[in-house]
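**Student:** Sharing a structure with you now.
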Amino acid sequence: MAASPLMRTKNILNRSDSTKKTNKISKALEKRATKIMWKASQTLEQSTGLALGPRRAAADADVSMVSDGSWAEALGALAAAAVRLARAEQRFLLALLPLPRLHAAARQLLAPASNMLLNELNTMCMRWRRGVAAGAGGAAGWWLLARLARLRPDVARLAPEPPPPDAPFAQLYPACQAHCLSSLEQFLSVVRADGGGGARDGTVHQLAPLALHHVAMLAAHLDQVGAALATDPQYAAAAAQLPHAPSPHHALLAVYMRKVLAQLNSSLRAKSEAYGDALRAVFLLNNTLYLLQGLQREGLVPLLALAEPDCERNLQALVDDYKQAYLDSWNKLVAHTVLEEPLPARLRDKDRQMLKDKLSAFNRELEEATRAQRGYAVPDAELREALKRGNKQALLPRYEALHAAAAASAFSKHPDKYLKYTPQEVAAQLDSYFDEAA
Numbered sequence: 001m002a003a004s005p006l007m008r009t010k011n012i013l014n015r016s017d018s019t020k021k022t023n024k025i026s027k028a029l030e031k032r033a034t035k036i037m038w039k040a041s042q043t044l045e046q047s048t049g050l051a052l053g054p055r056r057a058a059a060d061a062d063v064s065m066v067s068d069g070s071w072a073e074a075l076g077a078l079a080a081a082a083v084r085l086a087r088a089e090q091r092f093l094l095a096l097l098p099l100p101r102l103h104a105a106a107r108q109l110l111a112p113a114s115n116m117l118l119n120e121l122n123t124m125c126m127r128w129r130r131g132v133a134a135g136a137g138g139a140a141g142w143w144l145l146a147r148l149a150r151l152r153p154d155v156a157r158l159a160p161e162p163p164p165p166d167a168p169f170a171q172l173y174p175a176c177q178a179h180c181l182s183s184l185e186q187f188l189s190v191v192r193a194d195g196g197g198g199a200r201d202g203t204v205h206q207l208a209p210l211a212l213h214h215v216a217m218l219a220a221h222l223d224q225v226g227a228a229l230a231t232d233p234q235y236a237a238a239a240a241q242l243p244h245a246p247s248p249h250h251a252l253l254a255v256y257m258r259k260v261l262a263q264l265n266s267s268l269r270a271k272s273e274a275y276g277d278a279l280r281a282v283f284l285l286n287n288t289l290y291l292l293q294g295l296q297r298e299g300l301v302p303l304l305a306l307a308e309p310d311c312e313r314n315l316q317a318l319v320d321d322y323k324q325a326y327l328d329s330w331n332k333l334v335a336h337t338v339l340e341e342p343l344p345a346r347l348r349d350k351d352r353q354m355l356k357d358k359l360s361a362f363n364r365e366l367e368e369a370t371r372a373q374r375g376y377a378v379p380d381a382e383l384r385e386a387l388k389r390g391n392k393q394a395l396l397p398r399y400e401a402l403h404a405a406a407a408a409s410a411f412s413k414h415p416d417k418y419l420k421y422t423p424q425e426v427a428a429q430l431d432s433y434f435d436e437a438a
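The numbering of the sequence shown is the UniProt record's numbering, which starts it at 1 and goes up by one.
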């Protein structure tokens with residue numbers, strides 16, 4: 001048979017008071033404990049629809065609640081309310097018990113509420129981590145961790161020094177921090193393991209904005225992220241190599257950001273292998289420019305530069321390289337416009353055939369390129385126009401020379417069959433590139 005609340009209280013207090021007096025104290029403690037748990041349950045249920053205990057499991061909460069972060073706000077408010085109530089109960093017990101016995105009694109009184117809150121936190125943080133893995137977790141876990149960090153001084157007052165492992169509410173912060181740290185590695189796994197290909201039009205892949213949002217969100221929670229990363233020996237060792245960082249937390253986050261962006265770059269390069277030369281260059285160009293502009297817009301370049309001093313210059317160099325790679329994809333078409341030697345005044349049969357072959361190949365490949373590249377996506381308007389200008393500069397002068405030379409010579413009885421496009425018409429086709437997806 002389980003011990004009665006009275007006997008449990010007597011064992012803790014080890015008092016020689018009368019049974020009547022002990023009964024009164026025990027009933028008062030039980031009443032207070034019930035009140036704490038009831039208030040905690042009501043606070044959480046009214047705020048979010050979550051319920052403590054057997055009435056309703058937190059795992060049954062609406063998934064949208066986990067995504068929008070309301071669960072973290074509710075749990076943070078609940079933890080704050082529970083700690084305030086616990087401090088009030090501590091003061092109440094102080095009027096009844098001698099100081100040496102106070103903490104043991106408070107620990108027994110508060111243990112059920114503390115354990116239930118810890119279970120709810122673990123359940124909801126696990127759901128949040130699954131959201132992070134799906135790209136929808138947001139900053140809720142970090143917001144909750146910051147809220148719990150502010151409660152730590154009050155939690156510390158609920159236990160003697162040094163606090164025992166089972167001190168009331170003492171496990172909330174380290175448990176939440178462990179979940180947050182795990183979420184960082186989970187995100188890296190998401191970027192690493194994403195098996196989907198890029199879009200058919202070569203636009204910015206969803207991993208790029210996801211990664212940019214992720215690191216920007218972490219920068220907004222710098223202190224909590226840094227404190228969590230500091231518990232990982234590998235990150236701590238890497239950050240120690242950055243002595244010029246404004247703080248250890250800046251160095252730790254910079255190391256993690258470098259890791260995220262390196263993994264993202266590796267994943268994007270792997271996805272680009274499914275494209276042909278031109279679209280591969282467009283895909284990598286779109287994503288690299290998006291990241292560069294996003295880091296600049298969010299003010300993250302100085303932070304990343306702590307771990308990667310030349311990050312901005314390196315990204316810009318990649319943008320330039322991918323632009324050139326795209327222009328180089330025209331080399332085969334450009335080759336059809338080049339005359340190895342000037343045409344003689346009197347064309348030979350081989351000269352006529354050479355012109356026919358070059359013009360036919362040019363027309364065919366231009367038409368194929370136009371069909372494909374009208375559907376390529378270049379979201380950045382400035383880049384889109386720059387690529388169009390580059391195309392015309394690479395192709396038009398040579399085609400104009402070939403077109404003029406062929407038009408001035410009697411290379412065919414049906415010249416229109418080969419001179420299908422004037423230079424102006426070719427320019428119009430080049431101007432139409434990227435428009436369908438613009």
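Beta carbons are placed, not taken as given, at the ideal position from N, Cα and C, and that holds for glycine.
Every value quoted in this text rests on a predicted model; they were computed, and no experiment measured them.
According to the neighbour-count rule (16 or more other Cβ atoms, all chains shown, within 10 Å of its Cβ), is Q393 buried or exposed?
**Tutor:** exposed
**Student:** Quick test of the definition: if touching needs 3 or more C-beta pairs under 8 Å, does the region 198-210 touch the region 277-296?
**Tutor:** yes
**Student:** Would you check if the distance between the CB atom of Y173 and the CB atom of A139 is smaller than 8 Å?
**Tutor:** Going by C-beta atoms, Y173 is not nearer than 8 Å to A139.
**Student:** Less than 7 Å between C-beta atoms, sequence neighbours within five positions excluded: which residues of the same chain meet that for L304?
**Tutor:** A254, M257, R258, L295, C311
**Student:** Determine the contact status of D166 and R107, defining contact as a CB-CB distance below 8 Å.
**Tutor:** yes
**Student:** For Y326, I'd like the list of residues in its chain whose CB is within less than 7 Å of its CB, leaving aside the five on either flank, ordered along the chain.
**Tutor:** A278, A281, V282, L285, L387
**Student:** Buried or exposed, going by whether 16 or more other CB atoms sit within 10 Å of the CB of A228?
**Tutor:** buried
**Student:** With distances taken Cα to Cα, identify the nearest neighbour of L395 among A335, Q324, Q353.
**Tutor:** A335
**Student:** Tell me which residue opens and which closes the alpha helix (DSSP H) that Y418 is part of.
**Tutor:** Element bounds for Y418: n/a, residue is neither H nor E.
**Student:** Helix, strand or coil for H244? Go by DSSP, reduced to three states.
**Tutor:** coil
**Student:** Should G141 go down as buried or exposed, given a rule of 16 or more other Cβ atoms within 10 Å for buried?
**Tutor:** Classified as buried, G141 has 16 or more neighbouring CB atoms from the shown chains inside 10 Å of its CB.
**Student:** Does the pairing of the region 183-199 with the region 259-267 give three or more beta-carbon distances under 8 Å?
**Tutor:** yes
**Student:** Checking 8 Å against the spacing of the C-beta atoms, do L347 and S409 come in under that value?
**Tutor:** Yes, the pair counts as a contact, with Cβ atoms nearer than the cut-off.
**Student:** Relative to the C-alpha of L333, which residue among P342, Y322, R352, A369 is closest?
**Tutor:** Taking only the C-alpha atoms, the option nearest L333 is A369.
**Student:** In the DSSP assignment, the alpha helix (DSSP H) including P302 goes from what residue to what residue?
**Tutor:** 301-305
**Student:** On a Cα-Cα basis, can you pick out the residue from Q186, L383, Q234, K413 that is closest to R352?
**Tutor:** K413
**Student:** Quick one: using the 10 Å Cβ neighbour count with 16 as the cut-off for buried, is V63 buried or exposed?
**Tutor:** Its pLDDT being 46, under 50, V63 is placed unreliably in this model, and the value from its coordinates should be taken loosely. With fewer than 16 Cβ atoms within 10 Å of its Cβ, V63 is classed as exposed.
**Student:** Thinking C-beta only, is L117 closer than 8 Å to A77?
**Tutor:** no
**Student:** Use the C-beta contact count for H244: other C-beta atoms within 10 angstroms, 16 or more gives buried, fewer gives exposed.
**Tutor:** exposed
**Student:** Can you tell me whether DSSP reads E341 as helix, strand or coil?
**Tutor:** coil
**Student:** So T288 is in the alpha helix (DSSP H); what residue range does that whole segment cover?
**Tutor:** 277-297
**Student:** Hey, which unbroken runs of the alpha helix (DSSP H) at 4 residues or more fall wholly within the region 185-258?
**Tutor:** 207-220, 222-229, 233-239
**Student:** Our contact map puts P168 next to A159 with C-beta atoms below 8 Å; I'd like the distance itself, whole angstroms only.
**Tutor:** 7 Å
**Student:** Tell me the DSSP secondary structure of F434 in three-state form.
**Tutor:** coil
**Student:** How would you write the range of the alpha helix (DSSP H) that F362 sits in, first residue to last?
**Tutor:** 349-373
**Student:** Can you tell me whether DSSP reads Q424 as helix, strand or coil?
**Tutor:** helix
**Student:** Starting from E312, trace the alpha helix (DSSP H) in both directions and tell me its first and last residue.
**Tutor:** It spans 311-328 - the alpha helix (DSSP H) in which E312 sits, taken as one unbroken run.
**Student:** If you draw a straight line from the alpha carbon of T48 to that of L212, how long is it in whole angstroms?
**Tutor:** Note that T48 scores 46 on pLDDT, short of 50, meaning its location in the model is unreliable; the coordinates nonetheless yield the value given after this. A straight line joining the alpha-carbon of T48 with that of L212 spans about 30 Å.
**Student:** Helix, strand or coil, according to DSSP, for P165 in the structure here?
**Tutor:** Correct three-state label for P165: coil.
**Student:** Report the three-state DSSP secondary structure of P379 (helix, strand or coil).
**Tutor:** coil
**Student:** Determine the closest residue to L121 out of A72, R152, A105, with distance taken between C-alpha atoms.
**Tutor:** A72
**Student:** Is it the case that the Cβ atoms of G375 and A274 are separated by a distance below 8 Å?
**Tutor:** no
**Student:** Should V338 be labelled buried (16 or more other beta-carbon atoms within 10 Å of its own) or exposed?
**Tutor:** exposed
**Student:** To the nearest angstrom, report how far apart R389 and H403 are at their CA atoms.
**Tutor:** When rounded, the distance between both Cα atoms is 20 Å.
**Student:** If you check the beta carbons only, do residue 458 and A230 fall under 8 Å apart?
**Tutor:** As shown, the chain starts at 1 and ends at 438. That puts residue 458 outside it, with no answer to give.
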